[in-house]
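Chemist: Just so you know, UniProt numbering puts 369 at position 369 of the sequence shown, and the rest follows in order with no gaps.
For glycine and all other residues, C-beta sits at the position ideal for the given N, C-alpha and C.
Pasting a structure here, questions to come.
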Amino acid sequence: MDEAALRAMMPISFGKRRAQQARWAAASATNADANASVNAEGLAAVGQDKEENDLSCSVLGKRVAGTDEADADADQDDGLTPEERAANREAERQENERRAKGIASDDSDDSDDQDSDDDQIGPPLPPRTSSSRIPPRSMPPITQTATLSGIHAKTLSALAVDASGSRFALGSYDSYLSLYDFGGMTSSLEPFRHFEPTHETYPIVDLSFNTNSSHLLVISATREAKVFTRDAAEIGTCRKGDPYLRDMRRTSGHVSALTCGMFDSHELAKFYTGASDGTVRIWSEESMHRAQHDMIVLKSKSRGTRTKVTAIACERERIWASGEDGALRMWDLRENLNGRPRHCVDAAHEPDSWTSCIATSGETVVTRGGDATVKVWDARKPTRPVVERADLANASAHTGVILDPFNSRSLITGVSDRVQARRNGGHDDLVSADDRTDSSIVVLDVLDLSTLCTHTTSSTPVRLHWSSHTDQLFATHRNGSLSILYNPTRSTNGITLALARRAHSRPQSPTADSYAIATHTTSTAPSESAKRRRLARARQDPHQTLLPQPPLHGPGKAGRIGAGVQQSSVQNLYRNPDDLNIDPREALLKYANRTAHTEHHLDPHHQYNPPP
1 MDEAALRAMM PISFGKRRAQ QARWAAASAT NADANASVNA EGLAAVGQDK
51 EENDLSCSVL GKRVAGTDEA DADADQDDGL TPEERAANRE AERQENERRA
101 KGIASDDSDD SDDQDSDDDQ IGPPLPPRTS SSRIPPRSMP PITQTATLSG
151 IHAKTLSALA VDASGSRFAL GSYDSYLSLY DFGGMTSSLE PFRHFEPTHE
201 TYPIVDLSFN TNSSHLLVIS ATREAKVFTR DAAEIGTCRK GDPYLRDMRR
251 TSGHVSALTC GMFDSHELAK FYTGASDGTV RIWSEESMHR AQHDMIVLKS
301 KSRGTRTKVT AIACERERIW ASGEDGALRM WDLRENLNGR PRHCVDAAHE
351 PDSWTSCIAT SGETVVTRGG DATVKVWDAR KPTRPVVERA DLANASAHTG
401 VILDPFNSRS LITGVSDRVQ ARRNGGHDDL VSADDRTDSS IVVLDVLDLS
451 TLCTHTTSST PVRLHWSSHT DQLFATHRNG SLSILYNPTR STNGITLALA
501 RRAHSRPQSP TADSYAIATH TTSTAPSESA KRRRLARARQ DPHQTLLPQP
551 PLHGPGKAGR IGAGVQQSSV QNLYRNPDDL NIDPREALLK YANRTAHTEH
601 HLDPHHQYNP PP
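Here it is, written out as structure tokens:
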């Protein structure tokens with residue numbers, strides 16, 4: 001075993017105690033002589049020089065220097081080679097020369113920096129700038145935009161995206177519902193279903209998918225909410241309430257138009273609806289055709305003690321509801337819902353303003369008011385907003401606000417381009433081109449609601465949704481279009497799949513060159529058997545053959561009178577008389593012509609002597 005290996009196996013303090021004792025003895029003797037020969041000022045100078053010498057030696061990693069005899073003894077037992085001892089003495093000499101010249105030690109600074117660098121673990125931290133306050137993950141992907149238009153002509157007031165981000169639904173003021181699926185969509189960006197769920201001209205105000213995205217809740221401006229499958233098959237309809245009852249707790253359904261609704265975040269078949277009758281009703285898909293499962297009545301302090309429900313939000317065991325009176329309320333679903341709410345903020349927003357959206361994430365609650373404000377609340381103590389901002393106007397009753405789905409560090413909302421129009425009573429013709437401001441999607445910091453970035457849009461944004469699976473931002477607009485914002489480097493699947501597929505070529509209109517001309521050699525006439533089959537199918541079709549309607553068995557329906565068991569007997573007994581359609585005047589006139597022909601048949605006696 002060589003000398004280096006032995007030195008590595010020995011403890012650090014091996015052979016140093018003797019040198020340390022000799023050094024202490026020499027230092028004490030030196031201090032005694034110095035105290036006897038110098039005055040107080042000399043003592044201060046010696047102490048200062050000693051402190052500087054100790055500091056320099058500690059920086060260089062050496063022991064404090066003593067007398068020559070102590071150094072000689074220490075050199076014998078320090079465990080270093082003669083070359084290493086010479087290098088240490090040379091470094092000490094150079095340091096003393098630099099101190100005598102008044103030059104700072106660069107080596108000490110370098111060693112301090114090196115030690116501080118060694119203490120740091122991992123990659124270096126990014127520079128502390130204002131842009132690093134928000135994580136990059138919390139900023140929406142707004143580098144590129146894909147626009148879906150041409151399907152709806154009015155405001156897209158409802159938007160719902162499933163959990164995977166592969167399918168979404170759009171509802172509009174034109175009472176139509178569109179279903180899109182990225183899995184089968186091409187670059188033409190067309191829906192695979194476009195239908196009218198209510199069969200009437202009622203606008204669709206809200207849409208919501210359940211937890212596993214198998215069912216879709218459709219909220220229209222009627223009293224009935226409908227549930228469809230993800231393929232547009234109707235499952236059921238909620239029951240309507242009696243509009244003549246004053247006590248809302250005795251009704252089995254809503255008695256006025258719906259305003260909002262959503263599925264529960266945990267239970268598949270449970271959903272909530274809010275309406276203008278001032279109630280929030282809890283439904284179950286199994287019993288929604290009979291009555292609601294439970295209900296909440298919003299009691300207002302304003303005149304009339306009833307207020308319209310404008311927005312609801314449910315998370316965990318809490319449900320939030322806002323009213324037209326400007327109040328914000330919260331109930332615990334585990335308690336009795338007939339009592340007072342757990343929290344109630346009367347002046348959350350201005351009275352008679354429409355709070356369009358409520359967003360929740362943990363203990364953070366964000367409200368989008370119709371008074372051009374966005375407020376952030378703490379769910380543990382919502383007596384006053386944590387922070388608010390008052391320069392965000394909205395011209396739609398459905399303007400949304402969302403939190404980023406990753407860590408809730410930023411929130412997104414839409415800003416209207418009709419600020420001056422709302423001040424002038426909503427008349428667009430009173431607004432000049434200079435007074436109009438661009439509509440935009442604004443990203444705010446949750447902590448202080450400062451603007452992080454702004455994305456300008458051509459029309460006022462209404463509903464918003466940020467899919468966490470595809471990392472894409474959906475935004476509906478008042479002109480009936482949908483914008484999907486994405487980042488090619490961050491976003492996955494979704495709209496990127498549809499844009500990569502080529503649209504199917506549609507068949508062109510027939511022209512003279514495209515018609516097939518049959519010559520006399522080609523026999524295109526159908527055979528006799530084909531004619532008979534076509535005639536048999538036509539006879540079975542009542543519209544082609546104009547067959548009379550068959551008799552209706554059972555009770556009547558659709559305006560027709562049904563046929564009972566005694567129908568034939570009653571018809572024979574009470575049948576119409578035979579002379580019902582005979583004109584009595586014509587019946588008498590036919591006997592007037594017979595008098596001239598029958599006079600010669602009379603007896604002459606009766607001719608001249610008529611009976612009295």
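#1: How should residue 548 be labelled, buried or exposed, when 16 other C-beta atoms within 10 angstroms of its C-beta is the threshold for buried?
#2: Note the first and the last residue of the continuous beta strand (DSSP E) segment covering residue 472.
#3: In angstroms with no decimal places, state the Cα-to-Cα distance between residue 373 and residue 478.
#4: Provide the residue span of the beta strand (DSSP E) that contains residue 482, from first to last.
#5: With DSSP as the reference, label residue 445 as helix, strand or coil.
#6: State the DSSP-derived secondary structure class of residue 351, mapped to helix, strand or coil.
#7: Around the C-beta of residue 574, are 16 or more other C-beta atoms found within 10 angstroms, so that it is buried, or is it exposed?
#8: Around the C-beta of residue 441, are 16 or more other C-beta atoms found within 10 angstroms, so that it is buried, or is it exposed?
#9: Less than 6 Å between C-beta atoms, sequence neighbours within five positions excluded: which residues of the same chain meet that for residue 243?
#10: Just to confirm my understanding: we take residue 200, look at its own chain, exclude 5 residues before and 5 after, and list those with CB closer than 8 Å. What are they?
#11: Using the three-state DSSP reduction, which class does residue 545 fall into: helix, strand or coil?
#12: Taking C-alpha atoms, which residue in 351, 86 and 248 lies nearest to residue 327?
#13: With distance defined between alpha-carbon atoms, name the residue in 376, 586 and 407 nearest to residue 447.
#14: Hey, how far is the Cα of residue 226 from the Cα of residue 571?
#15: Measuring straight from C-alpha to C-alpha, what distance separates residue 408 and residue 453?
#16: Determine the direct distance from the alpha carbon of residue 139 to that of residue 451, and round the result to whole angstroms.
#17: Does the beta-carbon of residue 178 have 16 or more other beta-carbons within 10 angstroms, so that it is buried, or is it exposed?
#18: Below 8 Å between beta carbons: does that hold for residue 159 and residue 367?
#19: Inspect the beta-carbon positions of residue 628 and residue 415 and report whether they are closer than 8 Å.
#20: Express the C-alpha separation of residue 560 and residue 554 in angstroms, rounding to a whole number.
#21: Beta carbon of residue 213, beta carbon of residue 230: below 8 Å?
#22: Tell me residue 218's beta-bridge partners as DSSP assigns them.
#23: Excluding sequence positions up to five away, which residues of its chain have a Cβ less than 8 Å from the Cβ of residue 52?
#24: Between the segment 134 to 149 and the segment 479 to 489, do at least 3 Cβ pairs fall closer than 8 Å?
#25: Do residue 162 and residue 209 have their CB atoms nearer than 8 Å?
Modeler: Let's see:
#1: exposed
#2: Element bounds for residue 472: 472 to 477.
#3: Rounded to the nearest angstrom, the two C-alpha atoms are 20 Å apart.
#4: 482 to 486
#5: In this structure, residue 445 counts as strand in the three-state DSSP scheme.
#6: Coil at residue 351, not helix or strand.
#7: exposed
#8: Answer is buried; the Cβ neighbour count reaches 16.
#9: Within the same chain, and ignoring the five residues on either side of residue 243 in sequence, the residues whose Cβ sits closer than 6 Å to its Cβ are 255.
#10: 175 and 222
#11: Assignment of residue 545 by DSSP, reduced to helix, strand and coil, places it in the helix class.
#12: 351
#13: Taking only the C-alpha atoms, the option nearest residue 447 is 376.
#14: Separation of residue 226 and residue 571 (C-alpha to C-alpha, rounded to the nearest whole angstrom) is 46 Å.
#15: Roughly 16 Å between the two C-alpha positions.
#16: 12 Å
#17: buried
#18: no
#19: Any property of residue 628 remains undetermined from this structure, which presents the chain solely from 1 to 612.
#20: One C-alpha to the other measures close to 11 Å.
#21: Against a cut-off of 8 Å, the Cβ pair of residue 230 and residue 213 comes out as a contact.
#22: Looking at the DSSP assignment, residue 218 forms a beta bridge with 207 and 226.
#23: At residue 52, the pLDDT of 47 sits below 50, so the modelled position is not reliable; the number obtained from the coordinates is stated separately. So the qualifying residues of the chain are 99.
#24: yes
#25: With respect to the 8 Å criterion, residue 162 and residue 209 are classified as neighbours on the basis of their beta carbons.
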